[in-house]
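**Q** Below: one structure in structure tokens.
In this note's numbering, the protein residues as written are 12 to 390.
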């Protein structure tokens, strides 16, 4: 392929990604581009041409009419400049995983979808007059019992669940009913991991809506479950709640399960007012964990910096499939910068990060003596 062909392919990649970012629609063009990339040979003579740096990505989109295709300013965004050394296409002929996380997470859908959950949380935290334990129980019933374990449910069963568990609060019932919508279609093919209806792709293929995260949560051997919805009405959790509530909850459950297998006693959502998802009950103290699934390191740090309670969190637990390579380097560097700027922080980084695979090892050390992991040092 010539340089011109390479440039044309790169434009197609970015244009297809831009459409996906704004619509969440996996188009024939995007699928076709992936197939083309995977079929290309990468011998030494052409490899250098096709491993594009993000700086070239930025340069291409500073030229008309390309600059209108991506919804951000490539000349000013510090977030984007931090990706200038990232490859777009790897030597294996695949789209860079870190760049996929970045492009997916950049979508403005995140802000819209997360705002849908805020009224429920604010009601339980601020307006509900019941005691804390009752509110926490309802929080778990909504987020875990329904939104995580039953994102797709028969309408009659859904109404029964809502009436049975939330009859004491018409306001909560209304919130939950608004979080679900009627499923339209004669058939639903459910993801074997998360049980959410899959989206149809070109060439009669199907893909989980949350495939970018769901595929990493657990191993499975069962086939996709096909549900006939022609004669039975079903409710489906709205996509926004699924992506920004269900998927993170799946990770919380995975972390808790791994800790329990190690013999640790845990409590989920110990305090609705606190910035934490799991309390680990140790003999001499409690350790609080906050599970984070942000696919973009820059956005995660921005989120932590915007919450004054973050500095007091014991550990932020990040999925191991995310916390590696460029993502890990970028987050650790940002964390170190924040630690240096804050003179009262006596460690390398401002926050403590760990993965679900390593958190139990950290809990075994009582006084955190001379531990150096994940971009920080405790003494």
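All residues carry an ideal CB built from backbone N, CA and C; glycine is no exception.
Only a predicted model underlies this, so the values are computations on that prediction, with no experimental measurement involved.
Would you mind sorting residue 304 into buried or exposed? The rule is 16 or more other CB atoms within 10 Å of its CB.
**A** Residue 304 comes out buried.
**Q** According to DSSP, residue 327 sits in a beta bridge with which residue or residues?
**A** According to DSSP, residue 327 bridges with 301, 364.
**Q** Going by DSSP in three states, residue 212 sits in which element: helix, strand or coil?
**A** Three-state result, residue 212: strand.
**Q** Between the alpha carbons of residue 299 and residue 333, how many angstroms are there, rounded?
**A** About 21 Å.
**Q** With a cut-off of 8 Å on the beta carbons, I'd call residue 136 and residue 283 a contact; round off their distance for me.
**A** That belief holds up - the Cβ atoms of residue 136 and residue 283 are roughly 5 Å apart, short of 8 Å.
**Q** Looking at C-alpha atoms only, which residue of 288, 184, 240 is the closest neighbour of residue 157?
**A** The shortest C-alpha separation from residue 157 is found at 184.
**Q** Can you name the residues that DSSP bridges to residue 129?
**A** Looking at the DSSP assignment, residue 129 forms no beta bridge with any residue, so it has no partner.
**Q** Figure out for me which residue from 140, 317, 206, 246 has the closest Cα to the Cα of residue 166.
**A** With distances taken between Cα atoms, residue 166 lies closest to 246.
**Q** Leaving out five residues on either side along the sequence, give the residues of the same chain with a beta carbon under 6 Å from the beta carbon of residue 290.
**A** Result list for residue 290: 278, 281, 297, 299, in chain order.
**Q** Could you compute how far the alpha carbon of residue 338 sits from the alpha carbon of residue 254?
**A** Rounded to whole angstroms, residue 338 to residue 254 spans 20 Å at the Cα level.
**Q** DSSP state of residue 142, grouped into three classes?
**A** Coil, per DSSP.
**Q** So does the segment 234–245 actually touch the segment 197–205, counting three or more Cβ pairs closer than 8 Å?
**A** Because the criterion of three Cβ pairs below 8 Å is met, the segment 234–245 and the segment 197–205 touch.
**Q** Would you kindly report the start and end of the unbroken beta strand (DSSP E) that includes residue 372?
**A** No beta strand (DSSP E) contains residue 372, which is instead part of the alpha helix (DSSP H) from 370–374.
**Q** Taking the beta strand (DSSP E) that residue 246 belongs to, which residues open and close that run?
**A** That run of the beta strand (DSSP E) goes 245–248.
**Q** Find the nearest neighbour of residue 264 within the set 154, 187, 176, judged by alpha-carbon distance.
**A** Nearest C-alpha to residue 264: 154.
**Q** When you compare only the Cα positions, how much space is there between residue 61 and residue 178?
**A** No answer about residue 61 holds up, because its pLDDT of 44 lies below 50 and its placement is not dependable.
**Q** By Cβ distance, which residues of its chain are closer than 6 Å to residue 83, with the 5 residues on each side in sequence left out?
**A** Since pLDDT at residue 83 reaches only 44, below the 50 mark, its modelled position is unreliable, and no value is offered.
**Q** Based on DSSP bridge pairs, tell me the residues matched to residue 177.
**A** Residue 177 is not bridged to any residue.
**Q** Examine the ligand HEM and report whether any of its heavy atoms sits within less than 8 Å of the Cβ of residue 257.
**A** For the ligand HEM, the structure offers nothing, since it holds no ligand at all.
**Q** What is the DSSP secondary structure of residue 63, counted as helix, strand or coil?
**A** Unreliable positioning characterises residue 63 in this predicted model, as indicated by a pLDDT of 47, which lies under 50. The coordinate reading is nonetheless provided below. In the structure shown, residue 63 sits in coil (DSSP, three-state: anything other than H, G, I, E or B).
**Q** Which residue wins for smallest C-alpha separation from residue 335, given the options 194, 367, 161, 256?
**A** Among 194, 367, 161, 256, the Cα nearest to that of residue 335 belongs to 367.
**Q** Helix, strand or coil for residue 23? Go by DSSP, reduced to three states.
**A** Here residue 23 sits in helix by DSSP.
**Q** With a threshold of 8 Å, are at least 3 pairs of Cβ atoms found where one atom belongs to the segment 186–194 and the other to the segment 210–226?
**A** Touching, no.
**Q** Sorted by chain position, which residues of the same chain lie with C-beta nearer than 7 Å to residue 145's C-beta, five sequence neighbours on each side aside?
**A** Taken in chain order, the list of residues that qualify is empty.
**Q** Closest to residue 160 by CA distance: which of 374, 317, 258 is it?
**A** Comparing Cα-Cα distances from residue 160 to each of 374, 317, 258, the minimum goes to 258.
**Q** Going by C-alpha distance, which of 208, 206, 288 is nearest residue 150?
**A** Selected option, being the one with the closest Cα: 288.
**Q** When the Cα atoms are used, what is the spatial distance from residue 140 to residue 128?
**A** When rounded, the distance between both Cα atoms is 19 Å.
**Q** Thinking C-beta only, is residue 322 closer than 9 Å to residue 361?
**A** Yes, they are a contact pair.
**Q** Between which two residues does the beta strand (DSSP E) holding residue 163 run?
**A** Residues 163–165.
**Q** Under the rule that 16 or more other beta-carbon atoms within 10 Å means buried, what is residue 267, buried or exposed?
**A** Buried, since its Cβ has 16 or more Cβ neighbours within 10 Å.
**Q** For the alpha helix (DSSP H) holding residue 272, just list the boundary residues, first then last.
**A** Looking at the DSSP string, the run of the alpha helix (DSSP H) that includes residue 272 is 258–272.
**Q** Beta-carbon separation of residue 324 and residue 346 under 9 Å?
**A** Contact: no.
**Q** In whole angstroms, what is the alpha-carbon distance linking residue 419 and residue 348?
**A** A question about residue 419 goes unanswered here, because the residues of the chain that appear run from 12 up to 390.
**Q** Sorted by chain position, which residues of the same chain lie with C-beta nearer than 8 Å to residue 371's C-beta, five sequence neighbours on each side aside?
**A** Closer than 8 Å at Cβ, skipping near neighbours: 269, 270, 273, 275.
**Q** Could you give the distance in angstroms between the alpha-carbon of residue 210 and the alpha-carbon of residue 331?
**A** Cα to Cα, the separation comes out at about 26 Å.
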